[in-house]
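Numbering (this note's numbering), first residue to last: 305 to 442.
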């Protein structure tokens, strides 16, 4: 992928950034990398929380949307999680763990979409869910 700052693709700013690098993005799939750090707002007792995993998946979706906006020379829009379904957390990652997150767009209708998200630590699937996301194009 072309090299640029992940911060140019997402509306979130430090200290609320839960993605480090965009690895891949097309119309349907986005993959990011993220290293869990001790100073992260979702790190507690040496682990990255369930809420952090959900936000990581949501920001991966935002990075994909932001990358499309960059390609189409549009401003990066703000998105909102409308619903989380079927959240499964198999393991909480530890400080220092590197995560690979993949989002697949299942349905996109105008400014609303349903995405499925999965988070891996190495070869182990550690979390997954489905999210309804709404994009504010204003």
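Here a beta-carbon is modelled for each residue, glycine too, at the ideal position from N, C-alpha and C. All values derive from a computational prediction rather than experimental measurement.
{"Check": "Give every residue of the same chain whose Cβ lies closer than 6 angstroms to the Cβ of residue 328, excluding the five residues on either side of it in the sequence, and list them in chain order.", "Outcome": "335"}
{"Check": "With DSSP as the reference, identify every bridge partner of residue 318, one or two as the case may be.", "Outcome": "Answer by DSSP bridge pairing: none, since residue 318 is not bridged."}
{"Check": "Could you name the residues of the same chain whose beta carbon sits closer than 8 angstroms to that of residue 321, not counting the 5 residues immediately before and after it, in chain order?", "Outcome": "310, 311, 314 and 363"}
{"Check": "Measure the beta-carbon distance from residue 390 to residue 433 and round it to whole angstroms, keeping in mind my assumption that it falls under 8 angstroms.", "Outcome": "6 angstroms"}
{"Check": "Which stretch, first to last residue, makes up the beta strand (DSSP E) that contains residue 421?", "Outcome": "416-425"}
{"Check": "On the three-state DSSP scale, how would you describe residue 350?", "Outcome": "coil"}
{"Check": "Excluding five sequence neighbours on each side, which residues of the same chain lie with their C-beta closer than 7 angstroms to the C-beta of residue 368?", "Outcome": "329, 334 and 407"}
{"Check": "By the three-class DSSP mapping on this structure, what secondary structure does residue 383 have?", "Outcome": "strand"}
{"Check": "Rounding to the nearest angstrom, what Cα-Cα distance links residue 441 and residue 415 in this structure?", "Outcome": "8 angstroms"}
{"Check": "Just mark residue 410 as buried or exposed, buried being the case when its beta carbon has 16 or more other beta carbons within 10 Å.", "Outcome": "exposed"}
{"Check": "Can you tell me which of the three DSSP states residue 369 falls into?", "Outcome": "helix"}
{"Check": "Tell me the DSSP bridge mates of residue 440?", "Outcome": "382"}
{"Check": "Measure the CB-CB distance between residue 345 and residue 379 and report whether it falls below 9 angstroms.", "Outcome": "no"}
{"Check": "What residue range does the beta strand (DSSP E) around residue 264 cover?", "Outcome": "Only positions 305 to 442 of the chain appear in the structure, and residue 264 is not among them; the question remains open."}
{"Check": "Could you tell me the distance, in whole angstroms, from the CA atom of residue 323 to the CA atom of residue 339?", "Outcome": "8 angstroms"}
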